[in-house]
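Chains W and X supply the protein sequences, listed in that same order.
Just so we're aligned: 56 in my numbering is position 56 of the first sequence, and the numbers increase by one with no gaps anywhere.
Just so we're aligned: 408 in my numbering is position 147 of the second sequence, and the numbers increase by one with no gaps anywhere.
Glycine included, every Cβ here is placed at the ideal spot set by N, Cα and C.
Only a predicted model underlies this, so the values are computations on that prediction, with no experimental measurement involved.
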Amino acid sequence: MARAAVPGRLTWRVATVKEAKDETATARTLTLDVPGWPGHSPGQHVAVKLTAADGYTAQRDYSIGSAWPTSGAEPDRLEITVQRLADGEVSPYLAEIAEPGDQFDVRGPIGGWFTWDPSDPRPLLLFAGGSGIVPLMSMIRTHSQSGAKVPVRLIYSARTPADVIYQDELSQRQRVSPLTVTYLYTRAGWAARGILPARDARSYTTRLNAKILAETAFPVSATPATFVCGPSGFVEAASSLLVAAGHAPGAIKTERFGPGG
Amino acid sequence: MSTVTRGFTGRRRDDPKLPPGQYLEHGFPVLQAGPTPPVNTATWTFTITTETGGKTTWNWQEFTALPAEDITTDIHCVTQWSKLGTHWRGVSVDTLLMSIETNAAYAMARSYGGYTTNVPLPDLRDGKAWVAYSYDGKPLRPEHGGPARLLVPHLYFWKSAKWVTGLDLMLHDKHGFWEQLGYHDYGDPWREQRYQGD
Chain W
1 MARAAVPGRL TWRVATVKEA KDETATARTL TLDVPGWPGH SPGQHVAVKL TAADGYTAQR
61 DYSIGSAWPT SGAEPDRLEI TVQRLADGEV SPYLAEIAEP GDQFDVRGPI GGWFTWDPSD
121 PRPLLLFAGG SGIVPLMSMI RTHSQSGAKV PVRLIYSART PADVIYQDEL SQRQRVSPLT
181 VTYLYTRAGW AARGILPARD ARSYTTRLNA KILAETAFPV SATPATFVCG PSGFVEAASS
241 LLVAAGHAPG AIKTERFGPG G
Chain X
262 MSTVTRGFTG RRRDDPKLPP GQYLEHGFPV LQAGPTPPVN TATWTFTITT ETGGKTTWNW
322 QEFTALPAED ITTDIHCVTQ WSKLGTHWRG VSVDTLLMSI ETNAAYAMAR SYGGYTTNVP
382 LPDLRDGKAW VAYSYDGKPL RPEHGGPARL LVPHLYFWKS AKWVTGLDLM LHDKHGFWEQ
442 LGYHDYGDPW REQRYQGD
């Protein structure tokens, strides 16, 4: 990765929205063209700065969902998937208003800890809570793009099947990659609303617990590289269960997002 | 020069207590790199190590018997949230350094779990920093750094090391955990020093 991130000065670059795609009722993927983008590792973020006509600005960090370069080998392209927060200032703009051709400033990549290295020989164990799937999706995409052979297990907790982001792509990748997906649906009552779960993946209708962990995650003896991303409560629960099951704390990397945004 | 974004109006908040680029948060988000380490007050220690290797160590009982202060302060996270008027109780770093001879200019805070962060020593003196063990009148919870965390509220909050177990006093600056990964050496929220070069 000749252009990959090294710590250094981060400069603001102009991003142009190339494509906007609804993922769920409240989450949308924006494909951005960022001339001069220095490249990123899977798991890193980008800072987005929106500027109003009078010069007022608001800034937030978003996880990058795409591998680098993107599968079209576009070095200046990246994707973010933004979950609209009811009380948000930046996320409603990105998830609802932004259209192809719109522009704002970005800089990055940010964060060099919560990243996966495709040459890592350990099995890859991923835990996503809600839109915490986004940086993990970058890892899954990088895994197939790099030709990595290590098995990947994703345990993805969402409120209902309708809240699952990237479901079609995950189904597709399960067929062609050493990837196994398990869904946890945490909100009751969705079946009555006619929402259908993915049929090609194991699923549970409960929050993560020790029994599910034992049934779905790699065993401790497999010494997986583990990444946990999601709301703070989910990350605290998943990482505590992993440590209680005997997984080495040093092999578990976490990323939390709190309220706000 | 910023790029004007079509269709973005934003929410004006002219609170003078909010540093540039920050928004007001009412919850208390958690930012950390790994699992919350279990830290037992029965075995907890806090050690200051000087540049010549001299060590001063307190156990939990000794530490909580030191004169403590109530602190009301604003806190600012590099991930853009700020929380105003938070209430803490802890021991001033001035109290800890009182009987320690040092010519150090920097300190490395060390935590259970392996986290580190570097801070210039003057930024820990003169009533600017504490080792806090209580938040909002209750023992500090593990996910917020309990039993005790460093509190350096005038810098971005990653400098306020959770689960802190010591300070290494240094003649020369070294990078801590996030600083090695490209975050700013100093981290002044009012100058928006988020990343190296800011």
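| Asked | Found |
| --- | --- |
| In the DSSP output, what is E410 of chain X paired with across the bridge? | It is Arg, not Glu, that sits at residue 410 of chain X in the sequence shown. Answer is X:A393. |
| What residue does the beta strand (DSSP E) around I252 of chain W start on, and which one ends it? | I252 to F257 |
| Is any beta-carbon of chain X found at less than 8 Å from that of W113 of chain W? | yes |
| Using three-state DSSP, classify M137 of chain W as helix, strand or coil. | helix |
| Label V17 of chain W either buried or exposed according to how many other C-beta atoms from any shown protein chain fall within 10 Å of its C-beta, with 16 as the threshold for buried. | buried |
| Determine the extent of the beta strand (DSSP E) in which V106 of chain W is found, giving its start and end residues. | Q103 to I110 |
| Roughly how many angstroms separate the alpha carbons of L416 of chain X and W342 of chain X, rounded to a whole number? | 13 Å |
| With a 10 Å radius around its C-beta and 16 neighbouring C-beta atoms as the bar for buried, classify H337 of chain X as buried or exposed. | buried |
| Quick one: is the Cβ of H445 of chain X within less than 7 Å of any heavy atom of the ligand ATP? | The model depicted lacks the ligand ATP and carries no ligand whatsoever. |
| From I212 of chain W to P161 of chain W, what does the alpha carbon distance come to, in whole angstroms? | 18 Å |
| What's the C-alpha gap between S71 of chain W and Q145 of chain W? | 7 Å |
| Could you please give me the residues that DSSP links to Y183 of chain W through a beta bridge? | W:Y156 and W:S203 |
| Does chain X have any CB closer than 8 Å to the CB of V34 of chain W? | no |
| Please confirm whether A15 of chain W and Q103 of chain W have their CB atoms less than 8 Å apart. | yes |
| Do R77 of chain W and W12 of chain W have their C-beta atoms within less than 8 Å of each other? | no |
| Measuring alpha carbon to alpha carbon, tell me which residue in W:Y183, W:A214 and W:E215 is nearest S203 of chain W. | W:Y183 |
| What in chain X is Cβ-close to L50 of chain W, meaning under 8 Å? | T266, F269 and G271 |
| Exposed or buried, T254 of chain W, counting other C-beta atoms within 10 Å across all chains shown (16 or more means buried)? | buried |
| Check the Cβ-Cβ distances between K149 of chain W and every residue of chain X, and say whether any is below 8 Å. | no |
| Using 8 Å as the threshold, is the C-beta distance between S421 of chain X and L411 of chain X below it? | yes |
| Determine the chain W residues that contact Y376 of chain X at a beta-carbon separation under 8 Å, and present them in chain order. | Result: empty, since nearest Cβ-Cβ is about 11 Å, beyond 8 Å. |
| Using CA atoms only, rank isn't needed, just tell me which of X:A409, X:Q457, X:L285 and X:D397 is closest to W321 of chain X. | X:A409 |
| Going by DSSP, what residue range makes up the beta strand (DSSP E) through E215 of chain W? | Element bounds for E215 of chain W: not the beta strand (DSSP E) but the alpha helix (DSSP H), A210 to T216. |
| Please give the ranges of any alpha helix (DSSP H) in the region 270-339 of chain X, keeping only runs that are unbroken, at least 4 residues long and fully inside the region. | 321-325 |
| Roughly how many angstroms separate the alpha carbons of R187 of chain W and T205 of chain W, rounded to a whole number? | 8 Å |
| Does F104 of chain W get closer than 8 Å to chain X when you measure Cβ to Cβ? | yes |
| Helix, strand or coil for I361 of chain X per DSSP? | coil |
| From the beta carbon of Q457 of chain X, is the nearest beta carbon of chain W less than 8 Å away? | yes |
| Got a sec: which bits of the region 48-72 of chain W sit with their beta carbon under 8 Å from any beta carbon on chain X, in order along the chain? | K49, L50, T51, A52, A53, G55, Y56, T57, A58, Q59, R60 and D61 |
| Which residue from W:A201, W:P109 and W:E89 puts its Cα closest to that of V34 of chain W? | W:P109 |
| Identify which residue in X:Q293, X:K278 and X:H436 has its Cα closest to the Cα of P231 of chain W. | X:Q293 |
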